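What follows is a short report on a single structure.
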Amino acid sequence: MSIAQLLEVLENLISIHQTMLELAAQKTPVLVNNQVVELNTIIHKENKLIKQIEELERMRVQLTGEYLISRGYNPDPKVRVSDLIKIIFKAEEKKALSEVQARLLDVMTEMKKQNEVNQKLIEQSLAFIDFSLDLFVKTPEQDAFYQHPNQSGYNSVRNGIFDTKA
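Per this note's numbering, residue 1 is the first one in the sequence shown, and the count goes up by one each step.
Written as structure tokens, this is what we have:
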């Protein structure tokens, strides 16, 4: 078995990860502008790509196992590309695999950064929603003004703007 098939699978992984990176970049303004329909569309596209990545990853593990068997090693699904590079003897194959691995790592690193930005935007949005809900259902005991503990409240039966028992 040659490394060419494995290189092709890795190139496909790079391509799909680049598409995922583009979707993550598209997701940022969608999150900022609270465009729920567009966000759902992007997530649907991402889910399709994730399934493709899973299939390519299975192929990568299979091809790696076949290569290991052809070289007299025991197949191990935990063998990474960097481990495989160490046991390849041909310099051009080693170089090609190293370059593809570096490109895939770069794309994945960028994708991780973009996803961290999106995650922070989502966390801020959820914090704002939580704050807004607290304003509507806050009890008088949680009001922001001081009240002497021995005094009864001005309207202590009020549970907030909305009646939560309804």
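Using N, Cα and C, we set each Cβ at its ideal position, and we do this for glycine too. No experiment lies behind these values; they were computed from the predicted model shown.
Go ahead and label residue i buried or exposed: buried means 16 or more other beta carbons lie within 10 angstroms of its beta carbon, across all protein chains shown.
i      : result
Tyr73  : exposed
Gln119 : exposed
Thr109 : exposed
Leu126 : exposed
Gln124 : exposed
Leu84  : buried
Leu31  : buried
Leu135 : exposed
Arg60  : buried
His17  : buried
Leu133 : exposed
State the CB to CB distance for the pair residue i and residue j, rounded to an integer number of angstroms; the pair is presumed to be in contact (CB under 8 Å).
i      : j     : result
Leu39  : Val9  : The Cβ separation is near 31 Å, so there is no contact.
Leu49  : Thr28 : 17 Å between Cβ atoms; not a contact.
Asn115 : Ala24 : 6 Å
Val100 : Leu21 : Contact doesn't hold; Cβ gap of about 17 Å is too wide.
So what does DSSP say about residue i, is it helix, strand or coil?
i      : result
Phe89  : coil
Val79  : coil
Tyr67  : helix
Leu31  : helix
Ser2   : coil
Asn118 : helix
So, using beta-carbon positions, are residue i and residue j closer together than 8 Å?
i     : j     : result
Leu13 : Ile53 : yes
Ile3  : Ala96 : yes
Leu68 : Val81 : no
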